[in-house]
Amino acid sequence: MTTRIVELRRGILKKNDELAAGLRERFTRANVLVLNLVSSPGTGKTAFLELTLRRLTGQGAKAAALVGDLETDNDARRLAASGAPVRQINTHGICHLDAEMIGKQLENWAGVELERLDYLFIENVGNLVCPSSYDLGEKIRVALLSVTEGEDKPLKYPTLFNSADAAAITKIDIAEPCGFDRELALKNINEIRPGIRIFETSAKTGAGMDEWLAYLDAQRAVLKG
Amino acid sequence: MHELSIVESVVDAVTETAAAYPGARVLAVKLRVGVLAAVVQESLEFCWELATVGTPLAGAALVVNKVSIVVHCAACGRDAELDGVQSFRCPNCGELAADLRQGRELEIESIEIEEPDASPGNALVQGQEKK
Chain A
587 MTTRIVELRR
597 GILKKNDELA
607 AGLRERFTRA
617 NVLVLNLVSS
627 PGTGKTAFLE
637 LTLRRLTGQG
647 AKAAALVGDL
657 ETDNDARRLA
667 ASGAPVRQIN
677 THGICHLDAE
687 MIGKQLENWA
697 GVELERLDYL
707 FIENVGNLVC
717 PSSYDLGEKI
727 RVALLSVTEG
737 EDKPLKYPTL
747 FNSADAAAIT
757 KIDIAEPCGF
767 DRELALKNIN
777 EIRPGIRIFE
787 TSAKTGAGMD
797 EWLAYLDAQR
807 AVLKG
Chain B
10 MHELSIVESV
20 VDAVTETAAA
30 YPGARVLAVK
40 LRVGVLAAVV
50 QESLEFCWEL
60 ATVGTPLAGA
70 ALVVNKVSIV
80 VHCAACGRDA
90 ELDGVQSFRC
100 PNCGELAADL
110 RQGRELEIES
120 IEIEEPDASP
130 GNALVQGQEK
140 K
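If you read the protein sequences in the order shown, they are chains A and B.
Under this note's numbering, the very last position in the first sequence is 811; numbers go up by exactly one each time.
Under this note's numbering, the very last position in the second sequence is 140; numbers go up by exactly one each time.
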């Protein structure tokens, strides 16, 4: 018997990475800014996105959303009230979205052409662990954290916060009764992802949304080159 | 908890590679897993047993080599290994360092196979030979 070592040096998620690279190329060609929103369940991703879509469509921008959940189309129905085209992805138990699911949703999306969109938002399944491994072809990954979750969330889930391009603190309208330590939260995010842009928002009062929309606009301008 | 799907991807990739070595048995599969890969080693090992039952990889060992975090510090211009994941500060100068150079790896490094002797057409081009 002879034993030998065969080198593979291959990414375990190679298939997903290749599909995501293909999507990214498509998004770039279509000139659409794609964002992947990631947080725990209950952070308020849907409310944040709902207001974002409302504000963008109100400005005449063309935005659409894909929203992932294990079950139900509740979020899609909520988001569709903004007037933006929305598609629900039910993963039926899978704890994250992957590039293949995104690619499938983009096929035969009645009334939606990537080339005519300015923004595509992907609301990931509520989970702060697994989505960090799966590239969806997005340009910007946004990690969200609500004031009710504790300032040390970035320290508890560093893999996800470290992979983010921007962060949003949500529900700041209830920061005070929650005893939320703003300085500490900002410091913790910055320790894990130095220099990241952080938005302090409330979907209820609209706080921080002007800054967030200005950021989206600037990122889209960069995309157009 | 996506370790099972990760392990399934490993099983598929290794089965594909091993098919090029007819009659060979896979003894071990070595992975490189970054500290920031969001993968738990114990879960991988647990899933490995489940996922390899009834496949050509049944009984093969799973070896997980951890890959530490390395950042490039803009302030002192050096690469530095971090002790943990609680702070991305350069251990040399204490400045925050955003430039990640290593730590997200999630890859199959190599497999160790055992081949029957005198297997035709299996010229040894790479790897080690042991008795």
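Cβ coordinates follow ideal geometry from the N, Cα and C atoms, glycine included.
Just so we're clear, the structure is a prediction, and the values are computed from it rather than from any experiment.
Residue i vs residue j beta-carbon contact at 7 Å
| i | j | result |
| --- | --- | --- |
| A/I708 | A/N617 | no |
| A/A753 | A/A729 | yes |
| B/V94 | B/L40 | no |
| B/A67 | A/S718 | no |
| A/C681 | B/H11 | yes |
| B/V44 | B/G112 | yes |
| A/G597 | A/K757 | no |
| A/D661 | A/T632 | yes |
Closer than 7 Å to chain D by CB, residue i
| i | result |
| --- | --- |
| A/V592 | Chain labels in this structure do not include chain D; the protein chains are A and B. |
Chain A within 7 Å of residue i, Cβ atoms only
| i | result |
| --- | --- |
| B/S52 | no |
| B/F97 | yes |
| B/L59 | no |
| B/G136 | Caution applies to B/G136, whose pLDDT of 48 falls short of 50 and renders its modelled position unreliable; the model cannot decide the point. |
| B/D126 | yes |
| B/E121 | yes |
| B/L13 | no |
| B/S18 | yes |
| B/E25 | no |
Nonlocal neighbours in the same chain, by C-beta distance under 8 Å from residue i, ignoring five residues either side
| i | result |
| --- | --- |
| B/K140 | Below a pLDDT of 50, predicted positions are generally treated as unreliable, and B/K140, at 42, falls in that range; the measurement from the model is reported next regardless. Same-chain partners within the cutoff: there are none. |
| A/T643 | A649, S668, G669, A670 |
| A/F785 | A752, A753, A754, I755, G794, E797, W798, Y801 |
| A/D759 | S788, K790, T791, A793 |
| A/R702 | K648 |
Test: residue i CB closer than 7 Å to a CB of chain B
| i | result |
| --- | --- |
| A/M687 | no |
| A/N748 | yes |
| A/S718 | yes |
| A/T589 | yes |
| A/I775 | no |
| A/R783 | no |
| A/T605 | At residue 605 of chain A the sequence reads Leu, which differs from the Thr that was named. Not closer than 7 Å to any Cβ of chain B, the Cβ of A/L605 fails to qualify, so no. |
| A/R596 | yes |
| A/P744 | yes |
| A/C764 | no |
Cross-strand partners of residue i (DSSP beta bridge)
| i | result |
| --- | --- |
| B/N74 | B/R41 |
| B/H81 | B/D88, B/D108 |
| B/V116 | Val is not the amino acid found at residue 116 of chain B; the sequence shown has Glu there. Note: B/E116 sits in a beta bridge opposite A/G597, B/R41. |
| A/G654 | A/I675 |
| A/V698 | DSSP output for A/V698 lists no bridge partner at all. |
| A/A729 | A/V624, A/A753 |
Spatial neighbours of residue i in its chain, beta-carbon cut-off 6 Å, leaving aside the 5 residues before and after
| i | result |
| --- | --- |
| A/V698 | A650, P671 |
| B/E123 | R34, L36 |
| B/H81 | D88, D108, R110 |
| B/P100 | A89 |
| A/N776 | none |
| A/P740 | F747, N774, I775, I778 |
| B/Q17 | Note that residue 17 of chain B is Glu in the sequence shown here, rather than Gln. For B/E17, where only same-chain residues beyond five positions count, the Cβ hits under 6 Å are A60. |
| B/C56 | E12, L13, V16 |
Residue interval of the beta strand (DSSP E) (run including residue i)
| i | result |
| --- | --- |
| A/G527 | This structure leaves residue 527 of chain A out entirely; chain A is present only between 587 and 811. |
| A/F707 | 705 to 709 |
| A/E786 | 783 to 786 |
Range covered by the alpha helix (DSSP H) that runs through residue i
| i | result |
| --- | --- |
| B/R98 | Taken as a continuous stretch (DSSP letters only), B/R98 belongs to no alpha helix (DSSP H), as it is neither H nor E. |
| B/S52 | 50 to 61 |
| A/L772 | 768 to 778 |
| A/I688 | 685 to 692 |
| A/Q805 | 795 to 810 |
| B/E12 | 12 to 27 |
| A/A666 | 660 to 666 |
| A/L714 | No alpha helix (DSSP H) holds A/L714; DSSP gives it neither H nor E. |
Chain-order list of residues whose beta-carbon lies under 7 Å from that of residue i (same chain, five-residue window excluded)
| i | result |
| --- | --- |
| B/T26 | I120 |
| A/A804 | none |
| A/R640 | S668 |
| A/L635 | L623, A651, L665, F707, E709 |
| A/L772 | I784 |
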